[in-house]
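Shown next, in structure tokens, is the structure this report addresses.
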Amino acid sequence: MEGTGGESLNVQTAWADDEGHTLYLSVQGYEFPGTTDSQNPDSQWLNIGVRLTAPGFDSRFAEAALTLREAASLGAWWTSLAATAPGELPDPPLTLLDFHEPLLAFGLRSVDQDAVRLAIVLPQSDDEPRIPEAWPDVLEVEADREDLAEAATAWFTALEALPPRS
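In structure tokens:
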């Protein structure tokens with residue numbers, strides 16, 4: 682598993698609804714692999730691979746969407762949700778993660794005994810539409826707690842595979 686620039690780290694998370702829509706996310710490396718100075722804000726941006734599947738389409742694209750810190754906070758949130766008691770809020774009590782670049786937002790809908798219900802939003806770019814019209818504005822998914830914990834572990838594995846910034 683390597684990750685510097687545009688190559689995939691072969692780790693992805695998958696989020697599916699009851700109607701056959703599946704969102705796959707993967708960390709594909711740094712947006713600017715040659716910018717290694719950690720004080721340079723450009724050195725922290727990650728390319729996130731997105732694959733959208735549903736009956737009748739399979740769409741893929743990658744976009745600089747999250748900073749390293751934001752990607753780590755997303756994994757930590759998934760870990761927290763997997764351990765949250767039914768009817769409670771995660772610790773810290775975040776119910777929405779909305780990122781600087783508006784590629785991705787995750788919202789907590791509910792927590793029950795075996796699963797966590799999430800709303801995932803992929804805003805459409807005005808200047809370069811990449812999301813098929815048939816894709817729902819809000820993807821509602823139910824994530825089994827164990828699957829959510831595994832997704833967080835896989836996400837952190839991908840982040841840890843990235844070369845450190847000095």
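With this note's numbering applied, the sequence shown covers 682 to 847. We put the CB at the ideal spot given by N, CA and C, even for glycine.
{"Query": "heavy atom of the ligand COA below 7 Å from A766 C-beta", "Result": "As far as ligands go, the structure on display features none, and thus does not contain the ligand COA."}
{"Query": "As assigned by DSSP and simplified to three states, the class of D718", "Result": "coil"}
{"Query": "C-alpha gap between G730 and Q709, whole angstroms", "Result": "6 Å"}
{"Query": "8 Å Cβ cutoff met for D765 and V792", "Result": "Looking at the sequence provided, one finds Thr at residue 765 rather than Asp. Yes; because the gap between Cβ atoms is below 8 Å, this pair is in contact."}
{"Query": "Sequence-distant residues of the same chain with beta carbon closer than 8 Å to S724, five excluded per side", "Result": "Y711, F713, T716, T717, D718, R846"}
{"Query": "Where L843 falls: helix, strand or coil (DSSP)", "Result": "coil"}
{"Query": "Cβ neighbour criterion (16 or more within 10 Å) applied to P773", "Result": "exposed"}
{"Query": "Sheet register partners of D825 (DSSP bridge)", "Result": "A796"}
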